[in-house]
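Engineer:
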Amino acid sequence: MLTPTDTVPLTGPLDPAVLPRAAQPLTVTVDEEARARLDRGRRLFHALRHGPGGTDRRIYGADTGFGALVGYAGRTDDADQCDNTLAHLGAGQGPDLPPGIVRAALLLRTRSLAQGLSGVSAEVVDRLAA
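Numbering follows the numbering used here, with no gaps: position 31 of the sequence shown is 1267.
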């Protein structure tokens, strides 16, 4: 069982016992292995988006809509597209989830992003892990 002083690494398997504990503050560490993955993913994203043929290549969520709106162009300004991402993720229905469930979901999202396959910067993961 985890104690409040335990840290949750974003590399390696996630201990299922962490999820119920996420209802309270946890220390989440973004180690060098995760940072290296994030850096590789970010460089690949930039190469695909801005390299040769980048203007002809569509990257889901970066220059397209989301979900059923994938066939539509995203916003041309990167900051506007980020706002569009937040609006998409903020859409939902039903009552608010309990804070413990939200915290566990954010931990899972942070760990997912830390795999380095989304093209997000380490800063995004650092802020989510804080």
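Glycine included, C-beta positions come from ideal geometry on N, C-alpha and C.
Using a 10 Å radius around the Cβ and a threshold of 16 neighbouring Cβ atoms, would you call THR1346 buried or exposed?
Structural biologist: Counting Cβ neighbours within 10 Å, THR1346 comes out buried, since at least 16 surround it.
Engineer: Rounded to whole angstroms, what's the CA-CA distance from ALA1365 to SER1348? Just pull it up for me.
Structural biologist: Near 12 Å, if we compare the C-alpha coordinates of SER1348 and ALA1365.
Engineer: Select from ALA1315, GLY1307, ASN1320 and GLU1268 the residue whose C-alpha is nearest the C-alpha of PRO1245.
Structural biologist: Here the closest residue by C-alpha is GLU1268.
Engineer: Please work out which residues of its chain come closer than 8 Å, Cβ to Cβ, to THR1308, disregarding the five sequence neighbours upstream and downstream, and give them in chain order.
Structural biologist: Rather than Thr, the amino acid found at residue 1308 in this sequence is Tyr. Contacts found: THR1300 and GLY1301.
Engineer: Assuming contact is defined by CB atoms lying nearer than 8 Å, are GLY1355 and ARG1294 in contact in what I supplied?
Structural biologist: Taking 8 Å as the Cβ cut-off, GLY1355 and ARG1294 do not qualify as a contacting pair.
Engineer: Whose CA, out of ALA1323, LEU1325, LEU1305 and ALA1298, lies closest to the CA of THR1312?
Structural biologist: Cα-wise, what sits closest to THR1312 is ALA1298.
Engineer: Pick out the complete alpha helix (DSSP H) segments inside the region 1249-1312, 4 residues or longer, and give them in chain order.
Structural biologist: Runs found: 1254-1257 and 1268-1286.
Engineer: Below 8 Å on the Cβ atoms is my contact criterion, and I expect ASP1362 with VAL1266 to pass it. Report the Cβ-Cβ distance as a whole number of Å.
Structural biologist: With 8 Å as the limit, ASP1362 and VAL1266 qualify as a contact, their Cβ atoms being about 6 Å apart.
Engineer: So, under 8 Å CB-CB, ALA1350 and LEU1274 are touching, yes? Tell me the CB distance rounded to an integer number of Å.
Structural biologist: About 7 Å; that satisfies the 8 Å criterion.
Engineer: If contacts are defined as beta-carbon pairs under 8 Å, then LEU1343 and ALA1270 qualify, I think. What distance do you get, rounded to the angstrom?
Structural biologist: In fact, because the Cβ distance is near 14 Å, the residues do not count as touching under 8 Å.
Engineer: Contact defined as beta carbons within less than 8 Å: I believe GLY1310 pairs with ASN1320. What is the distance between those atoms, to the nearest angstrom?
Structural biologist: About 6 Å; that satisfies the 8 Å criterion.
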